[in-house]
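*Asks:* One structure, pasted below without further comment.
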C-alpha cells in the first residue's frame, strides 16, 4: 500500500499552531460517557453532583481528553503520516466542563527532532489546549506524536 | 455519607489489582470511531499495513478502561472529589483485540491539604497489564480525597 499524506514529520515546525472547533456537550453525552468509563457520582448522578464540590454534573476528564483526541484527529492527524504516540508528559484538568459547554482545541508545535534509532521516523512534541466557549483553558496537555519522514535519513526542508 | 475509603486509607505502598477485563475488536473499533479514528484503530485492513501490523486500541481507550476498573475496584467506595491531572502517561505497548487487561494502583505519596483541613492529596502510579503481565500503559495521577470525619 502506498500511502500519501498531507503532513509528514517535515511539515511540523516549532511555533506552528492549528485551531479547531469542537462539540457542544449535552448532559446526556456527559452522563453516557461517564456511565461507561468513569461512573463517579459527580459525573453520572445529578442529585449527588449538586451536593458535591462541583454543584452539578461535570464531564469526566477522560471525556474531555477523548474529545481532545477527536479534535486532534479532525484538525490534522487523519491527514498525517502518524506512527502513533509514546505518551503524554503532562495533562491538567483546570476547570470543570459542564453540560452546554462548547469546546475547542489549539495545537502548538513545541519541538521536532529526528529519531536516532528509526531513520524513517520523526518525533514532534505538541501542546494541546482545550478551551470552553468563554475562552477559558479547561484542559492542557503536552505530549509526543511520531510521524513518518518524507525523506528518511535526511533532514528534509521541503514543505 | 459513609465511604469505605477516605484519604487516611491510602498510605504509601497501598496497592490494588483488578480482575482481568478483555477488550474485543468491536469495542476497540467502536471507541476509536467516536474518539480516535486513526486508521490503525478503526480499519483492520489498513491496520495490517500500518506500523503496528494489525488493529490496536486507542491509548485513550486503554486509559478509560483503567479508569473504569479503578471506579469498580475502590474509587466509587471512596471519598474522592476529583483529580487535577496526570503526568507521564505512557503508551508502552499496543493493546490488541482479545487482550485481557488488568489495572494496578500503587500509592506513591500522600499529603494533607495545607489550606483545606477536610481533604488530602494522593499521588498514584496507575498501570494496565495484559495477559502476558506486560505493562501496556502507565501513568502518575493525583487525586483529592476527603478526610475521615472525626
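Residue numbers (the numbering used here), protein chains in the order written: chain A, 95 to 253; chain B, 230 to 379. Positions of the beta carbon are idealized from the N, C-alpha and C atoms, including for glycine.
Along the chain, where does the alpha helix (DSSP H) containing residue 145 of chain A start, and where does it finish?
*Replies:* It spans 140 to 145 - the alpha helix (DSSP H) in which residue 145 of chain A sits, taken as one unbroken run.
*Asks:* For residue 224 of chain A, which three-state DSSP category applies?
*Replies:* Note: residue 224 of chain A maps to strand in three-state DSSP.
*Asks:* Any C-beta of chain A within less than 7 Å: which residues of the stretch 291 to 316 of chain B qualify?
*Replies:* Flagged, chain order: 292, 293, 296, 297, 300, 304, 305, 309, 310, 312, 313, 314, 315, 316.
*Asks:* What residues are listed by DSSP as bridge partners for residue 206 of chain A?
*Replies:* In the DSSP output, where bridge partners are listed per residue, residue 206 of chain A has A:218.
*Asks:* Please confirm whether residue 264 of chain B has its beta-carbon closer than 9 Å to some beta-carbon of chain A.
*Replies:* True, the Cβ-Cβ gap to chain A drops below 9 Å.
*Asks:* Beta strand (DSSP E) containing residue 287 of chain A: first to last residue?
*Replies:* For chain A, the structure presents residues 95 to 253; residue 287 of chain A sits outside this window and is missing.
*Asks:* Alpha carbon to alpha carbon, how far is residue 282 of chain B from residue 322 of chain B?
*Replies:* Looking at the two C-alpha atoms, the distance is approximately 13 Å.
*Asks:* Excluding the five sequence neighbours on either side, which residues of its own chain have a C-beta within less than 8 Å of the C-beta of residue 199 of chain A, listed in chain order?
*Replies:* Same-chain partners within the cutoff: 113, 114, 116, 162, 165, 166, 169, 222, 223, 224, 225.
*Asks:* For residue 241 of chain B, name the three-state secondary structure that DSSP assigns.
*Replies:* Looking at residue 241 of chain B - three-state DSSP - the assignment turns out to be coil, as it is neither helix nor strand.
*Asks:* Do residue 353 of chain B and residue 379 of chain B come within 9 Å of each other at the CB atom, strictly closer than that value?
*Replies:* No, the pair does not count as a contact, with Cβ atoms beyond the cut-off.
*Asks:* Which word fits residue 173 of chain A, buried or exposed, when buried means at least 16 other C-beta atoms lie within 10 angstroms of its C-beta?
*Replies:* So residue 173 of chain A counts as exposed.
*Asks:* Excluding sequence positions up to five away, which residues of its chain have a Cβ less than 6 Å from the Cβ of residue 233 of chain B?
*Replies:* Taken in chain order, the residues that qualify are 306.
*Asks:* Can the beta-carbon of residue 194 of chain A be found less than 9 Å from the beta-carbon of residue 207 of chain A?
*Replies:* No; because the gap between Cβ atoms is not below 9 Å, this pair is not in contact.
*Asks:* For chain A, is any of its Cβ atoms less than 9 Å away from the one on residue 353 of chain B?
*Replies:* So no, residue 353 of chain B is outside the interface.
*Asks:* Using a cut-off of 8 Å between C-beta atoms, extract the partners of residue 258 of chain A located in chain B.
*Replies:* Any question about residue 258 of chain A goes unanswered here, given that chain A covers just 95 to 253.
*Asks:* Quick check: the stretch 331 to 340 of chain B against the stretch 241 to 248 of chain B, are at least 3 beta-carbon pairs closer than 8 Å?
*Replies:* They touch, by the three-pair rule.
*Asks:* What did DSSP end up calling residue 236 of chain A once you bin it into helix, strand or coil?
*Replies:* Strand, per DSSP.
*Asks:* Between the C-alpha atoms of residue 248 of chain B and residue 302 of chain B, what's the straight-line distance to the nearest angstrom?
*Replies:* Whole-angstrom Cα-Cα distance: 9 Å.
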